[in-house]
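Asks:
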Amino acid sequence: IFYQVAQQLPHLGMKTTCTSSQVSDDEQKKGKNICSLTMSSHVGFESLPDQLVNRSIQQGFCFNILCVGETGIGKSTLTDTLFNTNFEDQESSHFCPPVKLKAQTYKLQESNSYQPIADYIDAQFEAYLQEEMKIKQSLFNYHDSRIHVCLYFLSPTGHSLKTLDLLTMKNLDSKMNIIPVIAKADTISKTELQKFKIKLMSELVSNGVQIYQFPTDDDTVARINAAMNGQLSFAVVGSMDEVKIRNKMVKAHQDPWGVVQVENENHCDFVKLREMLICKNMEDLRKQTHTRHYKLYRRCKSEEMGFSDVGPENKPVSLQETYEAKRHEFHGERQRKEEEMKQMSVQRVKEKEAILKEAKFEHLKRVHQEERMKPEEKRRILDKEIIDFSKKKATCEIFQTQSFLATGSNLRKDKD
61 IFYQVAQQLP HLGMKTTCTS SQVSDDEQKK GKNICSLTMS SHVGFESLPD QLVNRSIQQG
121 FCFNILCVGE TGIGKSTLTD TLFNTNFEDQ ESSHFCPPVK LKAQTYKLQE SNSYQPIADY
181 IDAQFEAYLQ EEMKIKQSLF NYHDSRIHVC LYFLSPTGHS LKTLDLLTMK NLDSKMNIIP
241 VIAKADTISK TELQKFKIKL MSELVSNGVQ IYQFPTDDDT VARINAAMNG QLSFAVVGSM
301 DEVKIRNKMV KAHQDPWGVV QVENENHCDF VKLREMLICK NMEDLRKQTH TRHYKLYRRC
361 KSEEMGFSDV GPENKPVSLQ ETYEAKRHEF HGERQRKEEE MKQMSVQRVK EKEAILKEAK
421 FEHLKRVHQE ERMKPEEKRR ILDKEIIDFS KKKATCEIFQ TQSFLATGSN LRKDKD
């Protein structure tokens, strides 16, 4: 019992009794009054797990599964069978009323590319990161939309993995926990199925695809998880139909050649998948998503922003040192930008002044030209007026001469 706890117990109103104890030599040297305490009443430390369980039950928790595979391979059916629930997926009609509200959850567009899936996973990580970076965090009631496990459905071809499947898993294994499953296991014989499993796992290992491995560090599940790791990937069959077999209704898939019982381990690995996914390792999947995949995404985003745990010489760097370094870097960058803007402003002012001077010179030149043209115009007008006046004068003189001659002839006639 820790000495600090012993000091606090009397303040909690608990009865304590001091008994002799064996202490180390160092403790004997430090003080002879140190003693261990024996509880005489119930403290309740062992109820802490019950408190955590009750809190989890009240608040609930999120467990998100992403099903990836080609169309018609049985993704929706297996999901319904896993949780014994009919997840409705109503198709949209083209003949809807003009005004109607419809709630639609996240839905990925099926295509021959893994990029939409990667973008979707990164978007969920980014949403959680933004919530985590808020000053007033509310993660306790935040709806976690991160993908905790990906069930990758493989077609039971009996030969090898498709290139698209291999490429997709290779590019997504660092973003989420991938569990490959062989869909429609009733369409392939047991011998071919076993060979296909061996071939599949061999190709995954040779191409460096990191699939989810059930943890073996917990003694309570280490044995069964180690055994299940050797049986990956699971060959499953999904069905919500019930068939009566030996006076008992069981979930089964009716084929022309027989009945495949979903929960019969001799027929498929559905029970193993459900046991490993939900009963044994659900919390580990949630933990791996947060501690491995999400933190990898957060570290990459931090490095993009210039924050890192180590310096240039691989020495540990604190957040404060990184902040000060980035602050100094941004301060220098700002000063450099300000200096460039000042120089650019001065250059633009000089260019503007030169333009204004040139415009002013052109204006003065034009005014001078106009003023210079004014006397010439007046002179031209005066010359024209002089010419007109001379013409009028000559005409008048002719009229006067004619009038004088006419008057003289009339006087001579009167004399006669």
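In our numbering, each number is its position in the sequence shown, counted from 1, plus 60. Note that beta-carbon positions come from the ideal geometry of N, C-alpha and C, so glycine has one too.
1) Tell me which same chain residues have a C-beta within less than 6 Å of the C-beta of Cys-122, skipping the five on either side of it?
2) Once DSSP output is grouped into helix, strand and coil, what is the label at Glu-457?
3) Would DSSP call Tyr-212 helix, strand or coil?
4) Short check: CB of Phe-274 to CB of Lys-340, under 9 Å?
5) Give me the DSSP bridge partner(s) of Gly-120.
6) Pro-240: which of Leu-232, Thr-276 and Asp-246 sits nearest, CA to CA?
7) Suppose you measure from the CA of Arg-206 to the CA of Val-310; what does that come to, to the nearest Å?
8) Does DSSP classify Phe-294 as helix, strand or coil?
9) Grab the span of the alpha helix (DSSP H) containing Ile-338 for me, first residue to last.
10) Mind checking who Lys-197 pairs with in its DSSP beta bridge?
11) Fully enclosed by the region 205-280, which alpha helix (DSSP H) runs are 4 residues long or longer?
12) Sorted by chain position, which residues of the same chain lie with C-beta nearer than 7 Å to Phe-185's C-beta, five sequence neighbours on each side aside?
13) Is Cys-360 helix, strand or coil by DSSP?
14) For Val-477 versus Phe-213, is the C-beta spacing smaller than 9 Å?
15) Closest to Ser-136 by C-alpha separation, out of Glu-457, Phe-464 and Lys-244, would be which residue?
16) Rounded to the nearest angstrom, what separates Glu-302 and Glu-106 at their Cα positions?
17) Around the C-beta of Tyr-383, are 16 or more other C-beta atoms found within 10 angstroms, so that it is buried, or is it exposed?
18) On the CB-based measure, 16 or more other CB atoms within 10 Å of its CB, does Asp-279 come out buried or exposed?
19) Taking 8 Å as the threshold, find out whether the region 247-263 comes into contact with the region 138-145 through three or more Cβ pairs.
20) So, at 7 Å on beta carbons, what are the nonlocal neighbours of Lys-235 in its own chain, with the 5 sequence-adjacent residues on each side left out?
21) Compute the Euclidean distance between the alpha carbons of Arg-359 and Ala-183, then round it to the nearest angstrom.
22) By how many angstroms is the C-alpha of Ile-238 removed from the C-alpha of Tyr-272?
23) Can you list, in chain order, the residues of its chain whose CB lies under 6 Å from that of Val-331, leaving out five sequence neighbours each side?
24) Give me the residue from Phe-200, Gln-175 and Leu-345 with the minimum Cα distance to Gly-120.
25) Excluding five sequence neighbours on each side, which residues of the same chain lie with their C-beta closer than 6 Å to the C-beta of Phe-390?
26) Just verifying my parser: in three-state terms, what is the DSSP assignment at Glu-323?
27) In whole angstroms, what is the alpha-carbon distance linking Val-113 and Cys-210?
28) Let me know if Cys-456 comes out buried or exposed under the rule of 16 or more other beta-carbons within 10 Å of its beta-carbon.
29) Let's test the definition: count the other Cβ atoms within 10 Å of the Cβ of Ala-163 and tell me whether it reaches 16, buried, or not, exposed.
30) Just to confirm, is the Cβ distance from Val-337 to Leu-126 under 9 Å?
Replies: Per the coordinate set shown:
1) In its chain, beyond the 5 residues on either side, Asp-204 have a beta carbon closer than 6 Å to the beta carbon of Cys-122.
2) Helix at Glu-457.
3) In the three-state scheme derived from DSSP, where H, G and I count as helix and E and B as strand, Tyr-212 is classed as strand.
4) Their beta carbons are under 9 Å apart, which means Phe-274 touches Lys-340 by this criterion.
5) Residue pairing for Gly-120: DSSP places it in no beta bridge.
6) Of the candidates Leu-232, Thr-276 and Asp-246, the residue whose Cα lies closest to the Cα of Pro-240 is Leu-232.
7) It is roughly 34 Å from the alpha-carbon of Arg-206 to the alpha-carbon of Val-310.
8) Strand at Phe-294.
9) It is not in any alpha helix (DSSP H) - Ile-338 carries neither H nor E in the DSSP assignment.
10) According to the sequence shown, residue 197 is Gln rather than Lys. Listed as beta-bridge partners of Gln-197 by DSSP are no residues whatsoever.
11) Annotation: the region 205-280 contains the following complete segments of the alpha helix (DSSP H) (minimum length 4 residues), in chain order: 223-232 and 250-266.
12) Excluding sequence neighbours, Phe-185 sits near Arg-206, Tyr-354 and Tyr-357.
13) In the three-state reduction of the DSSP assignment, Cys-360 falls in the helix class.
14) Since the displayed the chain opens at 61 and closes at 476, residue 477 lies outside it and no answer follows.
15) Ranking Glu-457, Phe-464 and Lys-244 by Cα distance to Ser-136 puts Lys-244 first.
16) Taken atom to atom, the span from the alpha-carbon of Glu-302 to that of Glu-106 is near 44 Å.
17) Classification of Tyr-383: exposed, given that the 10 Å Cβ count is below 16.
18) By the neighbour-count rule (16 or more Cβ atoms within 10 Å), Asp-279 is not buried but exposed.
19) Taking one beta carbon from each stretch, the region 247-263 and the region 138-145 have fewer than 3 pairs nearer than 8 Å; the two do not touch.
20) Closer than 7 Å at the Cβ level, and outside the excluded window around Lys-235, lie Ala-178, Ile-181 and His-353.
21) A straight-line Cα-Cα distance of about 15 Å links Arg-359 and Ala-183.
22) Here the alpha carbon of Tyr-272 sits roughly 5 Å from the alpha carbon of Ile-238.
23) Within the same chain, Glu-323 and Glu-325 come within 6 Å of Val-331 by CB-CB distance, once the 5 residues on both sides are set aside.
24) Of the listed residues, the one whose Cα sits closest to Gly-120 is Phe-200.
25) If we look at Phe-390 and ignore the five residues flanking it on each side, it has no Cβ neighbours.
26) It is coil, neither helix nor strand.
27) If you take the alpha carbons of Val-113 and Cys-210, they lie about 26 Å apart.
28) In this structure Cys-456 is exposed. Its beta-carbon is surrounded by fewer than 16 other beta-carbon atoms within 10 angstroms.
29) Its pLDDT being 39, under 50, Ala-163 is placed unreliably in this model, and the value from its coordinates should be taken loosely. Exposed is the call here.
30) A small fix is needed here, since residue 337 is Leu in this sequence, not Val. Taking the C-beta atoms as reference points, Leu-126 is found no nearer than 9 Å to Leu-337.
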